[in-house]
Structure formats: C-alpha cells, structure tokens
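For reference, the structure discussed in these notes is given below.
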Amino acid sequence: MNGSSAEHVAEAAERRWAFVVGAIVATMVLVMIVTGLHWAAMPPSRVETVDVRTLHVQGEFVESNLGTQLGANGKVTVRLVAQQYSFQPQCLVVPAGMPVTFRATSTDAIHGFVVGATNANTMLVPGFVSTFTITFPKAGDQLMPCHEYCGTGHEAMWAHVQVLPAAEFLSKARGAERLSCVPGK
Ligand SMILES: [Cu+2]
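The sequence shown begins at 72 in the numbering used here and counts up one residue at a time.
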C-alpha cells in the first residue's frame with residue numbers, strides 16, 4: 072500500500088465517523104426541539120400548592136384529617152403525608168371496586184409511592200399536592216413503598232394498604248371520621 076492510498080482510506084474512515092457523529096448530534100438536537108415544543112404546548116393540567124411550613128398545624132393535612140374519609144356524597148378520599156422516612160398514616164384502608172381519590176404531599180424531600188402492582192403511583196413534592204383517583208379491582212393487603220430515593224432511610228420507607236371488600240369498608244367508614252389501619256387508632 073503506498074502513502075497516498077493509506078491517506079485515502081484514513082480520510083474515508085474519518086468522513087464516515089464524522090457523518091455518524093454528526094447524525095447523533097443532529098438527532099439529539101431534534102429530540103430537544105420536539106420535546107421542548109411538545110412540553111410548551113402541553114402545560115400541566117393542574118397545579119395545587121400547599122405551605123410546607125404550616126402543613127402540620129393548619130389546613131387539610133393536619134394529623135387529625137389524615138387517613139380515609141367517606142364523604143357525605145359517598146366519595147372516598149385518602150389523605151396522607153410523606154416525610155423522611157415514613158408515611159402518615161402508616162397503614163391505609165381503602166375499598167375494592169369503588170373510586171378512591173388520593174391527596175398527598177411531602178414535608179421535606181421528594182418522595183413517591185406505588186401501591187403493590189396497581190396504577191396507584193405518584194411523586195410527592197414538597198409544596199405541592201399530588202392527587203389521583205383509582206379503583207382497586209380486588210380486596211387484599213398491599214405494600215406501598217416510597218419509590219423516589221429520599222435519603223439514607225429510603226429503603227425502610229413503607230406503608231401498608233388494606234383493600235377491603237366494599238361492604239366491609241362502608242360499614243367501618245360510616246362509624247369513623249377518618250379511617251386507618253394503624254394499630255391502636
Ligand atoms: Cu421517601
């Protein structure tokens with residue numbers, strides 16, 4: 072192989088790699104432009120804020136208002152607070168086969184939870200109220216871990232969820248202002 076043909080091979084290889092790198096950069100820029108435009112065109116549907124400094128002493132998330140509430144209109148609402156490294160209440164009671172609305176927030180770091188293998192799954196961000204409505208298909212006990220790394224005690228951050236048959240839930244909920252399965256409450 073003489074000098075000029077070796078140069079020719081090297082130049083062709085470099086041109087090929089330059090093309091590959093250029094294509095990767097172009098793809099990444101395109102993804103940034105498309106997602107940027109997409110997000111700008113679709114702002115969050117709702118944002119609800121809460122003051123973390125007064126969360127424990129006034130308003131919706133005071134301790135006595137946490138747990139499951141059966142409203143006069145028959146709506147089921149679960150309110151809970153996450154903090155390093157626990158949920159309050161530590162054990163939730165919900166009915167099967169009825170829509171349940173969760174309302175939750177965090178007092179310190181970003182937390183999150185998922186209930187068993189269901190779609191009950193959200194992030195909890197200090198200063199914001201996360202809410203969603205879900206119907207649990209069947210009764211049974213579920214585990215509810217924190218699924219956002221929140222510090223050294225993260226792996227110990229769990230709650231329990233008791234999904235009760237609707238009739239059993241209703242008879243319990245009618246006799247209590249706020250329901251939870253925390254022992255002694
Ligand atoms: Cu956590």
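Glycine included, each C-beta is placed from N, C-alpha and C at the ideal position.
Q: Could you give the DSSP three-state label for V105: helix, strand or coil?
A: helix
**Q.** Beta-ladder partner(s) of S201, from DSSP
**A.** A175
**Q.** Cross-strand partners of G138 (DSSP beta bridge)
**A.** Its beta-bridge partners are R150.
Q: Name the one or two DSSP bridge partners that N258 has.
A: As displayed, the chain neither begins before 72 nor continues past 256, which places residue 258 out of reach and without an answer.
Q) Is P166 buried or exposed, if buried means 16 or more other CB atoms sit within 10 Å of its CB? A) So P166 counts as buried.
Q: Check T120 in the structure and name its three-state DSSP category.
A: strand
Q) Regarding E226 and ligand 1, is the C-beta to nearest heavy atom distance less than 7 Å? A) no
Q.
I need the boundaries of the alpha helix (DSSP H) containing F240, first residue and last residue.
A. 237-245
Q: Give a yes or no on contact between the stretch 206-216 and the stretch 87-105, applying the rule of three or more CB pairs nearer than 8 Å.
A: no
Q.
For the beta strand (DSSP E) containing M215, name the first residue and the last one.
A. 211-216
Q) Which whole-angstrom value is the C-beta distance of V265 and F203, which I expect to be below 8 Å? A) Since the first residue of the chain shown is 72 and the last is 256, residue 265 is not available in this structure.
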